[in-house]
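First up is the structure itself, then whatever we jot down about it.
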Amino acid sequence: MRLSRFFLPLLKENPAEAQIVSHRLMLRTGMIRQEAAGIYAWLPLGLKVLKKIEKIVEEEMTRAGAIQLLMPTLQLADLWRESGRYEDYGQEMLRIKDRHEREMLYGPTNEEMITEIFRGTVRSYKDLPLNLFHIQWKFRDEQRPRFGVMRGREFLMKDAYSFDIDEASARKAYNRMFAAYLNTFSRMGLKAVPMRADTGPIGGDLSHEFIILAETGESAVFCHKDLVDMPAPGNDVDWDNLEGVFQERTALYAATEEMHDPEAFAKIPEDKQLSARGIEVGHIFYFGEKYSKPMRAVVNGPDGEITVHMGSYGVGVSRLLGAIIEASHDEAGIIWPESVAPFEVAIINLRQGDTACDAACEKAYKALTAAGRDVLYHDSDERAGAKFAAMDLIGVPWQLIIGPKGLADGQVEIKNRATGERLTVPFDEALAQLSKA
RNA sequence: CGGGGCGUAGCGCAGCCUGGUAGCGCGCCUGCUUCGGGAGCAGGAGGCCGGAGGUUCGAAUCCUCUCGCCCCGACCA
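Basically our numbering = 1-based index in the first sequence + 633.
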């Protein structure tokens, strides 16, 4: 992409309404634009990152055996009356009437609807286990939206729902999501710590939140330090037997504020006690028959009717952008992990209009693009300093810097955004190096 | 939902107390110079002062109502 053809409305100054760094940077880099409290338009740069995150989530869910579908944003109130949650949910639920005065709602989550889909289509225990997920916009009419996309009213969420014949099998489904989440967040360059969590209004007795440690996190969290750097289990795991992975990650103390047990925490060796703030990016629940029973989600088993055991598993997809930025930025701007960066390489032409510079940049742009890299060519006639600042701000992982002085000797520079390291190398070598994914 | 605050140019703000028809910085446009970390000079465009009523000869400024947004707290993917 040539910057001159892209839509990238950068802001030099910080908008007054943004208090935390991720919100400020998302506004300044032109990723989002607020349209109402907690409601954002996704501008091209933000959308590119959102899509990359979405794709990683899809891939890891698929790897863990979940099947993707897509449910609507609008739901009938009657469906929620079946579970009793239409009354329970309160003001957070956005209620709407259609032209026929039918009561509807903008979905804050989809347990009822997925249960309805399941009970209407699945008849036999032989079709289980089953895990269905979708990635859809949701709306919760928060009393006080804040922190940009971290706590918006409209947000993009991945939610998966598992169906099993009994608790033992459901716990295996739970463990699969548990492992998948560790892999998912790891791919985004995040260190996510699973913590025992309150099940809240969704109910159930087994639940973990996946927490990213960040100073600006919304809640206080407490855990054993060793959990933070524990590597993700990876793809080479036995998806039917993950109890070991689960035990390994849950043996050490880790809890959010609501579930915090100061006594248990005090038993951790003092140098391993970690008291910090965290951002919740995922939440998994096992809730058994909470919805399947009142909504009659049953299958035929060998010995008669079985009420299915369910779990649900959420990932805050749009929230993850904020979380990643909170975890990865410096004074100059965002430092995107390569897996989710909006562009992989930025070409900075230090002397736009100079024949040699223009030609070299064009050649590099074509070569890298042909090699499959997502390249942003800063081809405006701004001064060098402005270009550096802009590319640092939007956080492209690699910068290919081409200027008249170096070019006279056939040299260009490669800069790593994360480390700040610069390497002067021959033009062809730079292309070869940056062509590698 | 309790408490506080703010709406004036694309962004950041001053002006309001003590009414006289709007200003600064950044950005934007033109030109010249400059050209390796957000350039300099000169010229220029852009605002029914969130909206509606009212008071007044006259309202960004005073009064009433309304809408929107932000912050602290309680609540939450």
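For every residue, glycine included, the Cβ atom is placed at its ideal position computed from N, Cα and C.
Note that the structure is a prediction, hence the values are computed from the model and not measured.
Could you give the DSSP three-state label for residue i: helix, strand or coil?
i, result
"Asn764", "strand"
"Asp1046", "For the sequence presented, residue 1046 should be read as Glu rather than Asp. Reduced to three states, the DSSP call for Glu1046 is strand."
"Lys730", "strand"
"Asn933", "strand"
"Pro1059", "strand"
"Val854", "strand"
"Pro866", "coil"
"Met892", "helix"
"Glu842", "strand"
"Ser1013", "coil"
"Val941", "coil"
"Pro648", "coil"
"Glu736", "strand"
"Leu1026", "helix"
"Gly717", "coil"
"Val878", "helix"
"Glu903", "helix"
"Ala825", "strand"
"Leu1033", "strand"
"Ser925", "coil"
"Ala830", "coil"
"Gly1053", "coil"
"Ala884", "coil"
"Glu913", "strand"
Measuring CA to CA, which of the options is closest to residue i?
i, options, result
"Leu707", "Tyr739, Ala1003, Leu1026 and Arg809", "Tyr739"
"Leu954", "Glu687, Ser795, Ser1068 and Arg718", "Glu687"
"Val861", "Thr849, Gln776, Lys999 and Ser819", "Ser819"
"Glu1108", "Thr889, Leu839 and Gly822", "Residue 1108 lies beyond the range of the chain shown here (634 to 1070); nothing can be said about it."
"Phe751", "Glu848, Arg666 and Tyr794", "Tyr794"
"Phe898", "Cys856, Ala884, Glu881 and Asn874", "Cys856"
"Phe843", "Arg696, Arg779, Thr889 and Ala930", "Thr889"
"Arg1006", "Pro975, Pro648 and Thr988", "Pro975"
"Pro864", "Val878, Glu725, Ile768 and Asp1025", "Val878"
"Ala813", "Ile665, Met928, Ser637 and Asn868", "Asn868"
"Val1045", "Lys1069, Asp1025, Ala1004 and Arg984", "Arg984"
"Gly776", "Gly671, Ile700 and Ser802", "It is worth fixing the name first, because residue 776 is Gln in this sequence and not Gly. It is Gly671 whose Cα lies nearest to the Cα of Gln776."
"Arg804", "Pro778, Met790 and Pro762", "Pro762"
"Gly1036", "Lys730, Ile967, Cys994 and Asp936", "Cys994"
"Asn874", "Pro935, Met810 and Lys905", "Met810"
"Lys858", "Gln880, Lys905, Ile901 and Glu971", "Lys905"
"Tyr758", "Asp1061, Val950, Val941 and Gly966", "Val941"
"Leu676", "Asn647, Phe640, Ala649 and Ala651", "Phe640"
"Thr748", "Ala930, Lys1020, Glu964 and Glu913", "Ala930"
Quick one: Cα of residue i to Cα of residue j, how far?
i, j, result
"Leu815", "Ile981", "36 Å"
"Val1029", "Glu938", "56 Å"
"Asp774", "Lys684", "24 Å"
"Gly915", "Arg1050", "28 Å"
"Ala669", "Glu851", "22 Å"
"His841", "Lys824", "15 Å"
"Gly947", "Gly911", "17 Å"
"Glu903", "Ile917", "29 Å"
"Met726", "Lys645", "37 Å"
"Glu720", "Met737", "13 Å"
"Arg952", "Ala1000", "35 Å"
"Val1058", "Met821", "29 Å"
"Leu1056", "Phe772", "47 Å"
"Leu1009", "Ser961", "21 Å"
"Thr817", "Tyr919", "20 Å"
"Arg696", "Leu709", "32 Å"
"Leu846", "Trp770", "25 Å"
"Pro866", "Pro827", "13 Å"
"Glu692", "Asp1042", "45 Å"
"Thr754", "Asn743", "17 Å"
"Leu907", "Met892", "15 Å"
"Arg779", "Leu680", "20 Å"
For residue i versus residue j, is the C-beta distance shorter than 8 Å?
i, j, result
"Trp969", "Gly698", "no"
"Leu702", "Glu745", "no"
"Tyr807", "Gly944", "yes"
"Val973", "Ile957", "yes"
"Gln1066", "Lys1048", "no"
"Ala887", "Arg829", "yes"
"Met694", "Phe788", "no"
"Gly781", "His656", "yes"
"Leu636", "Ser1013", "yes"
"Ala1023", "His1011", "yes"
"Gly966", "Ile1027", "yes"
If you scan the region 650-711 from start to end, which runs of the beta strand (DSSP E) of 3 or more residues do you find wholly inside it? DSSP runs (the beta strand (DSSP E)) wholly in the region 650-711: 665-669, 672-675 and 707-709.
List, from N- to C-terminal side, the beta strand (DSSP E) runs of 3 residues or more that fit wholly inside the region 948-1006. Those beta strand (DSSP E) runs which fall completely within the region 948-1006 and span 3+ residues are 978-982.
Report the start-end ranges of each alpha helix (DSSP H) in the region 740-812 that is 4 residues or longer and not cut off at the edges. Whole alpha helix (DSSP H) segments, 4+ residues: 744-754.
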